[in-house]
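Undergrad:
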Amino acid sequence: MYKYETHLHTAETSACATAAGKEQAARYKALGYDGVIITDHFFNGNCLPEIRECNDWKQKVDMFCRGYDAAKAEGDKIGLKVFFGFEYCYEGADMLVYGLDKQWLYDHPEVMSISFFDFAELAHNDGALLVHAHPFRQAAYLREIRLVPEYVDAVEVFNSGNYNDIYNDRAHWYAKQFGFVMTGGTDNHHLSVNRLSGTGTDKPLESIQDYINAVKANDVSVIYPDDYKRP
């Protein structure tokens, strides 16, 4: 099985992260992962204030991609695949978006002024994959659980950032109820995180499109920590 981290943040972009992109790439390589997908918090989430407040759209996008760029440069040096994604926030519901790149962001400054539903339609029309991250997480910063099954393609059923595994159990139940493909992710912000997850594939991924194709074909498996008792 080939191992990929599919939910990963960097300090260059996400305000809640302490590990730089280069550090994240190096650590995952050392741990035997074949690749990572950088999914920093988008402009409507917990990205750095200077990114969120920047009014020059191209500069805003360039700043947002700094963590990915750093991780990709390191990955190219050490033989780790590094792909681009981001975590879009819809009023507390977090969506991992795969398949859109920096050029797509340059071309679509309207993404910050349209609804989530219009964004989902636009993204899907351009080939993106939307995975609902930690859909049943409960935390002080979340006021409600928000589910939009008609607008996502898969569900993250294990997330290491969930401090109670009941939230992962419920995500598994949700995915089974709606027949969603299941993925896993660490939601890693720090080098100190040891309970790692991710998504496995039978074939190596050469592009983010390969990952999208694997998920759509249900050709993926969840990487569970040894101490997690699956529902």
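Quick note on our numbering: the sequence shown kicks off at 907 and runs consecutively.
Backbone N, C-alpha and C fix where the C-beta goes; we use that ideal spot for every residue, glycine too.
In this text, all values refer to a predicted model and were calculated from it rather than measured experimentally.
1. Write down the C-beta distance between Leu-986 and Val-942 rounded to the nearest angstrom, noting that I regard them as a contact closer than 8 Å.
2. Excluding five sequence neighbours on each side, which residues of the same chain lie with their C-beta closer than 8 Å to the C-beta of Cys-922?
3. Counting C-beta neighbours from all protein chains within 10 Å, is the total for Leu-1111 16 or more, i.e. buried, or is it exposed?
4. Have a look at Ile-1118 and Lys-909 and give me their C-alpha separation to the nearest angstrom.
5. If we count the other Cβ atoms within 10 Å of its Cβ and call it buried at 16 or more, is Thr-945 buried or exposed?
6. Would you kindly work out how many angstroms separate the C-alpha atoms of Thr-924 and Thr-1107, rounded to a whole number?
7. Can you tell which of Phe-1064, Trp-963, Ser-1113 and Asp-1125 has the C-alpha that lies nearest to the C-alpha of Pro-1137?
8. Name the residue from Arg-958, His-1040 and Val-1054 whose alpha carbon lies nearest to the alpha carbon of Thr-1089.
9. So, at 6 Å on beta carbons, what are the nonlocal neighbours of Asn-950 in its own chain, with the 5 sequence-adjacent residues on each side left out?
10. Nearest-angstrom Cα distance between Glu-929 and Asn-1068?
TA: The relevant details are as follows:
1. As a working mapping, residue 986 is identified with position 80 in the sequence shown. As a working mapping, residue 942 is identified with position 36 in the sequence shown. 7 Å between Cβ atoms; contact.
2. Here residue 922 corresponds to residue number 16 of the sequence shown, with the count starting at 1. Contacts found: His-915, His-947, Asn-952 and His-1095.
3. On the sequence shown, residue 1111 is found 205 positions in, with the first residue counted as 1. Its Cβ being crowded by 16 or more others within 10 Å, Leu-1111 is buried.
4. Here residue 1118 refers to the residue found at position 212 when the sequence shown is read from its first residue. Here residue 909 refers to the residue found at position 3 when the sequence shown is read from its first residue. When rounded, the distance between both Cα atoms is 15 Å.
5. The count along the sequence shown starts at 1 and reaches residue 945 at position 39. Looking at its Cβ environment, which holds 16 or more other Cβ atoms inside 10 Å, Thr-945 is buried.
6. Within the sequence shown, residue 924 is the residue found at index 18, counting from 1. Within the sequence shown, residue 1107 is the residue found at index 201, counting from 1. Each residue's Cα considered, the two are about 28 Å apart.
7. Position 231 of the sequence shown holds residue 1137. It is Phe-1064 whose Cα lies nearest to the Cα of Pro-1137.
8. Locating residue 1089 in the sequence shown gives position 183, counting from the first residue. That would be His-1040, whose Cα lies nearest to the Cα of Thr-1089.
9. The residue you call residue 950 lines up with position 44 of the sequence shown. The answer, listed in chain order, is Cys-995.
10. Here the question's residue 929 lines up with position 23 in the sequence shown. Here the question's residue 1068 lines up with position 162 in the sequence shown. Answer to the nearest angstrom: the Cα atoms are 23 Å apart.
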